[in-house]
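In terms of my numbering, the sequence shown opens at residue 18 and continues consecutively.
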Amino acid sequence: MPQENNKPSICKSSLEILDWAKKNGMETAFDRAQKVKPCPIGASGSCCKNCAMGPCRFNPKKPDEVKGVCGADIHTVAARNFARMVASGTAAHSDHGREVAKTFIAAARKEVPGYEIKDEAKLKQTAAFYNVKTEGRKKEEIAEELGVKCLAEFGQQDGILQMTKRAPAKRQELWKEKGVTPRGIDREVVEMMHRTHMGVDMDYKNIMQQATRCAMADGWGGSMIATELQDIMFGTPVPMRAKANLGVLKADQVNVIIHGHEPLLAEMIVRASKDPELVKLAKEKGARGINLSGMCCTGNEILLRHGVPIAGNFLQQELAILTGAVEAMIVDVQCVMQSLPSLAQCFHTKIITANPKAKMQGAQHIEFHEHDAVNITKKMLTVAIENYPKRGKVRIPKEEVDMIAGFSHESINYMLGGSFRGSYRPLNDNIINGRIRGVVGVVGCNNPRVQHDSGHVNLVKELIGNDILVVETGCAAIACAKDGLLIPEAASMAGKGLREVCETVGMPPVLHCGSCVDNSRILIACSEMVREGGLGTDISDLPVAGVAPEWMSEKAISIGQYFVASGALVAFGVTWPTLGSPELTKHLFEEHEKLYKGKWAFEPDAGKMAAMIIDHINKKREALGISKAQERKLFDMEARRSLEV
Ligand code: SF4
Ligand code: MSK
């Protein structure tokens, strides 16, 4: 697909700020990406630095020519590098899940003022998966037992993670047969690191088997625990209107951006931003009020639950500071650029780190503890308010785009089926009758190696134009929100069938499902589609796929691996980290299909990627016998029973 131009972004606000930065000699990730060229050996997974006999560099053009000092071949090295990306991604998501579980238990015990057990219906539903009795018990009792059981899964040594039982029975059997059902979350990460140490696991296929089990501990473990317990504590998202892009910053208010991933802090900042005393203080300092907005996934968390506007995605964190209008950027963990404090020095902006695991030189550290959340978040906002009078000239782009976010698995269920008969039946029926060709998850980051946002937006337009319903998380969702694709009116860009469905239900053709850990919602939605009947007996039968056109994070590799292991085709853009080893690449791109009925693909061109996905979905439809458009059939009980799995 031709790029619109050779500009670094398709986002108008970003271009405006980048232009100002260039004229004023300010450096951003876009500039550094030009200066620092990717090392071709490292990019293809062909460099090993796992011991001091190396680092050993292999020749990706002649893969079998060189061996490492220890005798390792390029296939082992590439697999070890890939597996360590999976381990790091799993660790990041799961450590997030662990913190949530700990706070959840404390909330149930009423030890953390400000946190509560909000969604009782979801509490009971999740409790059932963990065999926690609910009848006749107080919600706090149920929550405490559930939290303790979830937390125990991090240190569990044997057995299986309970959430894996939410997958279709056939999938669970396959995982068992292939030996990839995760036993304990931390155990899988530790074993992965052990097996990739010098001189341990040297069979690339065996390394990949553990990488798969490790990724499973992310998607069906740490991430899913994070999402479910967060929903119970903070409320399960429902669709709500909000705004996106740098235009959400306000010239006459104290602008505070919260950036990172964990909502434990962000939720309390939302509360504190409404504190009458702090609002009064902001007014005393000459501002009209406190304007909170989000960035990246922590932004997505409070966007989905409170409609807090989102200032931008990954590559806009520096651009927000360059507006000169941000009094404080509060960061927790993951996807935060180390350039923020030095950039902020050119303005009045304070960078506040909050997590003891993630400090930065040049930032102000105000350590966050859930037990004293109310006071600490007030202190953080006070720093921002006191900073307002120091603000200089601002340049806030005007783009502030309408969007709808909040499509949890429960709200999709409700939206399609109504409160009394909430179900995936209407979605399945519309897939069967051909109005909706299939469903694709478009997820992941931005990467300055490709034109900012264009990978997401171009691909998504192509997919919806071909009647494919798109579900999104992370920075992909923010990219499409900024382009106006997350409103019901965007259905005018969809194919005839999808447009009809969107217009009937009043939904956008692109559904924002949340943050990176919320990819677990997509796993559950796929499992529910199978359970609903009529689309096969396993996730691998569904006309679905997953895509990350602008990925950069190790977490994306872990997410991709657990979707492949769950039976999906997963396509990545930008670059592919195993190309130095043709054997490992073949294993991931072809042999994984035999193992897991899902596979990886790499395609940097959005148009070609769309064509590949559409072809894959068409083949799945053919295999299901639904490739010819059918009119909607009203099912009687007999017909319905024949669809049961
Ligand atoms: Fe080289 Fe082997 Fe050491 Fe890796 S583990 S750096 S390939 S000697
Ligand atoms: S924030 S992991 S840049 S999606 Fe989840 Fe965005 Fe990727 Fe971070």
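From the three backbone atoms N, C-alpha and C, an ideal C-beta is built for every residue, glycine too.
Presumed contact (8 angstroms Cβ cut-off) between Y431 and V271, rounded CB distance: Incorrect: roughly 36 angstroms between the Cβ atoms, too far for contact.
Supposed close pair I634, P560 - CB separation, criterion 8 angstroms: 4 angstroms
Integer Cβ distance of G62 from V103, believed to fall under 8 angstroms: Not quite, the Cβ-Cβ distance comes to about 13 angstroms (not below 8 angstroms), so this is no contact.
Environment of Q362 [buried if 16+ CB atoms lie within 10 Å]: exposed
Beta-ladder partner(s) of Q381, from DSSP: I369
Rounded C-alpha distance that separates M510 from K182: 38 angstroms
Close beta carbons around K376, own chain, < 8 angstroms, minus the five adjacent residues each side: T370, H382
Residue burial classification, D81 (beta-carbon count within 10 angstroms, cutoff 16): exposed
A390 beta carbon less than 8 angstroms from that of L320: no
Length-filtered (4 minimum) alpha helix (DSSP H) runs lying within the segment 77–126: 91–125
Boundaries (first-last residue) of the beta strand (DSSP E) holding M524: Careful: M524 lies outside any beta strand (DSSP E) and carries neither H nor E.
Residues passing the C-beta test against ligand 1 heavy atoms, cut-off 5 angstroms: C65, N67, C68, M70, G71, C73, G85, V86, C87, A89, M215
Best match in M70, Q226, E417, K410 for proximity to W37 [C-alpha to C-alpha]: K410
Pairwise C-alpha distance: A508 and V467: 27 angstroms
Secondary structure of K260, DSSP reduced to three states: strand
DSSP three-state assignment for M250, whether helix, strand or coil: helix
CA nearest to the CA of K415, picked from K260, R200, K195, T120: K260
Cβ-Cβ distance between V460 and G563 below 8 angstroms: yes
Three-state secondary structure assigned by DSSP to K616: strand
Buried or exposed by the 16-neighbour rule on C-beta atoms within 10 Å, applied to V117: buried
Beta strand (DSSP E) segment containing L339, residue limits: Looking at the DSSP string, L339 is not in any beta strand (DSSP E); the run it does join, the alpha helix (DSSP H), is 334–339.
Separation of G615 from D558, as counted between CA atoms: 10 angstroms
Three-state secondary structure assigned by DSSP to S644: coil
Beta-ladder partner(s) of L309, from DSSP: V273
Within 8 angstroms, strictly: CB atoms of I307 and V325: no
Alpha-carbon spacing of R258 relative to G316, whole angstroms: 15 angstroms
Residue span of the beta strand (DSSP E) that contains A507, given as start and end: That residue, A507, is in no beta strand (DSSP E); it is neither H nor E in DSSP.
N- and C-terminal bounds of the alpha helix (DSSP H) containing F171: 156–172
Beta-carbon proximity check, E161 vs I202, cutoff 8 angstroms: no
Given M285 as reference, the closest of K396, A232, Q226 once Cα atoms are compared: K396
First through last residue of the alpha helix (DSSP H) which encompasses I485: Where I485 is concerned, there is no enclosing alpha helix (DSSP H), although the beta strand (DSSP E) it sits in stretches over 485–490.
Residue closest to A186, alpha-carbon to alpha-carbon, out of P293, S544, E208: S544
Span separating the alpha-carbon of H609 from that of W617: 8 angstroms
Given E600 as reference, the closest of C64, H92, I27 once Cα atoms are compared: H92
Per DSSP, the bridge partner or partners of M420: A259
Helix, strand or coil at C314 [DSSP, three-state]: helix
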